[in-house]
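Heads up, the thing below is written out as structure tokens.
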Amino acid sequence: MAIGWMDNLDEADTFFKTRLNNSSWTVLGGDERTAALTTAYNRIRYCSDYSIPASPTIAQKAKLKDAQCEMAIYMATHLADEDRRKGLQIQGVTHAGIVEENYDKDWLDKLPIPPIVDSILEDFKTAVDFGLIDIDRDEEESVDTDATDV
1 MAIGWMDNLD EADTFFKTRL NNSSWTVLGG DERTAALTTA YNRIRYCSDY SIPASPTIAQ
61 KAKLKDAQCE MAIYMATHLA DEDRRKGLQI QGVTHAGIVE ENYDKDWLDK LPIPPIVDSI
121 LEDFKTAVDF GLIDIDRDEE ESVDTDATDV
């Protein structure tokens, strides 16, 4: 049975056999592995930083599978800590703990994507929209002139 972009759980297990530091994966049972892959798929699929095609090419699907596996091991390793930190942020905490963690309030509504996953998904990043307009400059105007008054 397919799990996100992975054809089945065995395909993910094959990926992790060749990955260094895979113990966060190997200690999981089958249901937990499926949950990690499903959660990873959802985080990537619904992240507004990426535009994922509904029907990826073979090359795109290979990248998506790698990203899904890397995200799954991140989730297996760090999701509980991430949930605790996000819980504090939601309550308005900006500074906490013995190690004096500081939480950026601009990150309250953002979910972390590990750098390796972001690199794998480079080709899927959404472009930042911007536009260009031609602006005429009046050399007689002062730099202090309010443009809205013109």
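Residue numbers (UniProt numbering): 1 to 150.
Glycine is no exception: its CB is placed at the ideal position from the N, C-alpha and C atoms.
Thinking just about the alpha-carbon of each residue, which of the options is nearest to the one in residue i?
| i | options | result |
| --- | --- | --- |
| Gln-60 | Ile-135, Asp-31, Glu-122 | Glu-122 |
| Asp-49 | Leu-108, Gly-87, Lys-125 | Lys-125 |
| Gly-97 | Asp-81, Pro-112, Ser-24 | Asp-81 |
| Asp-31 | Cys-47, Asp-136, Asp-10 | Asp-10 |
| Cys-47 | Ala-72, Leu-111, Ile-135 | Leu-111 |
| Trp-100 | Asp-106, Arg-85, Trp-107 | Per the sequence shown, the amino acid found at residue 100 is Glu instead of Trp. The shortest Cα separation from Glu-100 among Asp-106, Arg-85, Trp-107 belongs to Arg-85. |
Rounded to whole angstroms, what's the CA-CA distance from residue i to residue j? Just pull it up for me.
| i | j | result |
| --- | --- | --- |
| Arg-19 | Ala-12 | 11 angstroms |
| Glu-139 | Ala-127 | 35 angstroms |
| Ile-113 | Ile-133 | 34 angstroms |
| Glu-70 | Pro-56 | 19 angstroms |
| Ile-90 | Arg-33 | 28 angstroms |
| Gly-4 | Arg-45 | 9 angstroms |
| Met-6 | Ile-52 | 15 angstroms |
| Asp-104 | Thr-94 | 7 angstroms |
| Asp-136 | Asp-109 | 39 angstroms |
| Phe-15 | Ala-54 | 23 angstroms |
Taking all protein chains shown into account, do 16 or more other C-beta atoms lie within 10 angstroms of the C-beta of residue i, making it buried, or fewer, making it exposed?
| i | result |
| --- | --- |
| Met-1 | exposed |
| Ala-36 | buried |
| Trp-25 | buried |
| Ala-62 | exposed |
Which class does residue i belong to by DSSP, given the choice of helix, strand or coil?
| i | result |
| --- | --- |
| Ile-133 | coil |
| Tyr-103 | coil |
| Val-63 | First, the residue type needs correcting, since residue 63 is Lys and not Val in the sequence shown. Helix at Lys-63. |
| Tyr-50 | strand |
| Met-6 | strand |
| Lys-125 | strand |
Under 8 angstroms from any heavy atom of the ligand GTP, does the C-beta of residue i make it?
| i | result |
| --- | --- |
| Asp-81 | Summarising the ligand content, the structure contains no ligands, and the ligand GTP is consequently not present. |
Per the contact definition of three or more C-beta pairs closer than 8 angstroms, is the region 37-53 in contact with the region 68-82?
-> yes
Any contact of the region 109-128 with the region 54-73, i.e. 3+ C-beta pairs under 8 angstroms?
-> yes
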